[in-house]
Amino acid sequence: MGSTLFVIGLSWKTAPVAVREKLAFSAGEIPGVLRELTAQPNIEEALLISTCNRVEIYATTPRTAPASAVASATAEARGFLARSRDVSSEDLAECLYEITDGEAATHIFHVAAALDSMVVGESQITGQLKEAYGAAVHAHTAGPVLGRCMERAFGTAKRVRSETGIARGAANVSSVAVELAQLVFGELTGRRVLLIGAGKMSALAARHLRSHGAAAVSVTNRSRERARELARDIEGEVEPWDELESLLARHDVVVTSTASPQPVLTVPLVKRAMKTRRRRSLVIVDIAVPRDVEAKAGSLDGVYLFDVDDLRRVADQNIEERWREADAAAAIVADEVEQFYRWVKIQPVVPTIRALREHFAGVAEAEVDKAVKSLRQRHEPGEQERIVRRLGELIANKLLHDPMAALKAGGEPSPEELVAALHRLYPLGDPGIEPPRRAHAPEKKPTARDQAETSAEPRAPAPVPSEVAHRAPAPPESREANAPAADDAERETEPPLPEVATHAGGRRRGSA
Ligand code: NAP
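Okay, so the sequence shown: first residue is 814 according to the numbering used here, each after it adds one.
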């Protein structure tokens, strides 16, 4: 019994892009998908992540379902994917994975920490997963188990990034361009940057350059309109396309990424620009294929030219470095997964723990209230101690009453099973051996006043003569307060104590 977490999906590891595209869900579709998933009989909580590299459902079975329900739940999720994307179950089976039991959280934590990403340690996936979780929360399909799981997955991702080098070093072309420029100039702060071309690659590079402190980013492009659009997005300047030579003279870092079939920056053009720069270094990062810059320009004094192969080499080295950190990262994941499953395991007993705590606290509170009333009126030496001792005894007796009654009642579960459970719950020693009897101080017969102190009845404002008190009929609460005295189970486990008269005229134990 208790929710079982499971994962069903596909990723770049199991499915080519053509299949991933077909199974992808847009952000607008996700709320409906989540509602449909949680309408299945064996799915209680659900989250869907859909990126260009993975489509995965994280879900749980209902709290009250047996562990075997997970097989039906994965079949329901599989059926839903096939129906909604119009793919045959056979085609799906080839690329779909299902992860259940202890492995599901391990997979989710690996995904969050970018250990399952195409570029290990990349930073996008954690954000994408946060969005997916946000959508599930919004659709009310993320409950306590997914909530706890995702919260720990994000915590794990943070630990992995800060405690290992998994995210160190740029791993994509546009961020490597920034890293290389930093190698030449140190910080980019205050450096003037020129983008040649205003397409997708330029936009990516611009964002990286901006976030690394490049002061002014200018854009030049064959069509001025597109340059204007990009410049607006990145708060940069537009420069004329036909002034490349003077632009090179005025900028420190040039990133070029046009789709031109001919070189845009020839050796003579760069040479003339370097003359104007008076040997001030110029970094040129050529992302284009075919290349935008004639290769020989890289041999000119003061020119640091990097092409796509240089960028790829650096990225590959960085990725290799990141993989060296993967073992340390996996150890963090294992530690976090263990803590998560420890939490999952105790969930079925949480309501009982809460109820038990409330029951114990309620019994203790009721007895303490009575004792406090008595304490307020008793100042004689020894009286207060006696009241407190009696309080402890009353609380223990009340708490023992129900389990004792159940033990003696027989039936189901059997007394033997109850005995075994009690021995598992409390340090009672060997079940077959009598525990050593507690040594008691010689009994002192309590006075009528003692009895009034420990009775459930509120004290009368004036002292009640003891004879009257003894004759007074006991109210139900008073009987309850003294109930353990009539409980022979107590006598079975405790040495006999002197008996004294109660309010009800019955007998109860004297206090030790
Ligand atoms: P894109 O979005 O289509 O943009 C193409 C850009 O090139 C536009 O600014 C366009 O200017 C300009 N352009 C096209 N033909 C030109 C010409 N004959 N002369 C001058 N400019 C011209 O392309 P993209 O995806 O950003 O790709 C740009 C370059 O990066 C390509 O060479 C591509 O091969 C390369 N690339 C490299 C990688 C990598 O990993 N290294 C990845 C993707 C792309 P208009 O606005 O005037 O048309």
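Beta carbons are placed, not taken as given, at the ideal position from N, Cα and C, and that holds for glycine.
None of these values were measured; they are calculated from a predicted model.
Should residue i be labelled buried (16 or more other beta-carbon atoms within 10 Å of its own) or exposed?
i, result
"R1091", "exposed"
"Y1239", "exposed"
"K1109", "exposed"
"P1271", "Caution applies to P1271, whose pLDDT of 34 falls short of 50 and renders its modelled position unreliable; the value that the coordinates give is listed next. Exposed, by the Cβ-count rule."
"S1112", "exposed"
"F1153", "buried"
"F1367", "For the chain, the structure presents residues 814 to 1325; residue 1367 sits outside this window and is missing."
"K1013", "exposed"
"T1071", "buried"
"R1203", "buried"
"G1010", "buried"
"D914", "exposed"
"T1165", "exposed"
"S839", "exposed"
"S824", "buried"
"E1206", "buried"
"I1159", "exposed"
"D1263", "Any reading at D1263 must be qualified, since the residue scores a pLDDT of 44, below 50, and its modelled position is unreliable; the value itself is stated next. It is buried - the Cβ of D1263 has at least 16 other Cβ atoms within 10 Å."
"R867", "buried"
Could you tell me the boundaries of the alpha helix (DSSP H) in which residue i lies?
i, result
"S885", "882-898"
"F838", "Where F838 is concerned, there is no enclosing alpha helix (DSSP H), given that its DSSP letter is neither H nor E."
"I1145", "1139-1159"
"F1120", "Per the sequence shown, the amino acid found at residue 1120 is Asp instead of Phe. Segment: none, D1120 is in no alpha helix (DSSP H) and carries neither H nor E."
"E1171", "1163-1190"
"I1200", "1196-1222"
"T851", "843-851"
"K1084", "1080-1090"
"E916", "915-925"
"K1013", "1013-1024"
"P1228", "1228-1238"
When you compare each of the options to residue i by their alpha carbons, which one comes out closest?
i, options, result
"M931", "V997, A970, K826", "K826"
"A963", "V924, A994, R1189", "Correcting the residue identity first, residue 963 is Met in this sequence and not Ala. The shortest Cα separation from M963 among V924, A994, R1189 belongs to V924."
"L1220", "V1232, K1211, P1103", "V1232"
"H1236", "G1223, P1216, A1222", "P1216"
"V1106", "Q1075, E1134, R1126", "Q1075"
"E858", "I1166, E849, C865, F998", "E849"
"M1087", "K835, P854, V1067, A945", "V1067"
"G982", "T969, E935, L1007", "E935"
"R1155", "R965, G1205, V1077", "R965"
"I821", "P1161, A890, G940, T969", "A890"
"V1163", "T864, C865, P957, A1177", "P957"
"R1135", "E842, G978, R898", "G978"
"A1029", "A1019, T817, E1038, L905", "A1019"
"R1023", "R1041, G1049, F998, A1040", "G1049"
"L1008", "C865, N985, V1096, I1200", "V1096"
"E1038", "W1054, I912, A1027", "W1054"
"S863", "Q941, A906, E1056", "Q941"
"V1127", "A852, A994, E911, A948", "A994"
"F998", "V1121, V1051, E1180, D1065", "D1065"
"R1101", "V830, S1073, A918", "According to the sequence displayed, residue 1101 carries Ala and not Arg. Out of V830, S1073, A918, S1073 has the C-alpha closest to the C-alpha of A1101."
"S987", "K971, S975, G892, H1025", "H1025"
"Q792", "A927, Q853, V933", "Because the chain spans 814 through 1325 in this model, residue 792 falls outside it and cannot be assessed."
Would you give the residue range spanned by the beta strand (DSSP E) that residue i belongs to?
i, result
"L823", "818-824"
"D904", "Unbroken run through D904 is the alpha helix (DSSP H), 902-908; no beta strand (DSSP E)."
"A859", "858-863"
"L1095", "1095-1099"
"R867", "867-873"
So, under 8 Å CB-CB, residue i and residue j are touching, yes? Tell me the CB distance rounded to an integer number of Å.
i, j, result
"L847", "A952", "4 Å"
"T1033", "L1060", "6 Å"
"L1124", "V989", "5 Å"
"V1080", "T1069", "With a Cβ gap of about 15 Å, V1080 and T1069 do not count as contacting."
"R876", "G960", "Actually they do not touch by this definition, with Cβ atoms about 14 Å apart."
"A1346", "V900", "No statement about residue 1346 is possible, as the shown extent of the chain runs from 814 to 1325 and does not include it."
"A886", "F819", "6 Å"
"A860", "A949", "Strictly speaking, residue 860 in this sequence is Leu, with Ala absent from that position. Right, the Cβ-Cβ distance comes to about 4 Å (below 8 Å), so this counts as a contact."
"R898", "K835", "6 Å"
"S969", "V1146", "Position check: residue 969 holds Thr in this sequence, whereas Ser was assumed. The pair is a contact, with the Cβ atoms about 6 Å apart (cut-off 8 Å)."
Verify the contact flag: residue i, CB atom, against every heavy atom of the ligand SAM, threshold strictly below 8 Å.
i, result
"I1100", "Inclusion of the ligand SAM in the displayed structure is not the case, the ligand content consisting of the ligand NAP alone."
What residue ranges within the region 934-1010 form continuous beta strand (DSSP E) runs of no fewer than 3 residues, ordered along the chain? Complete beta strand (DSSP E) runs here, min 3: 1005-1009.
Unbroken stretches of the alpha helix (DSSP H), 4 residues or longer, contained in the region 1027-1078: The qualifying runs are 1037-1047, 1057-1063.
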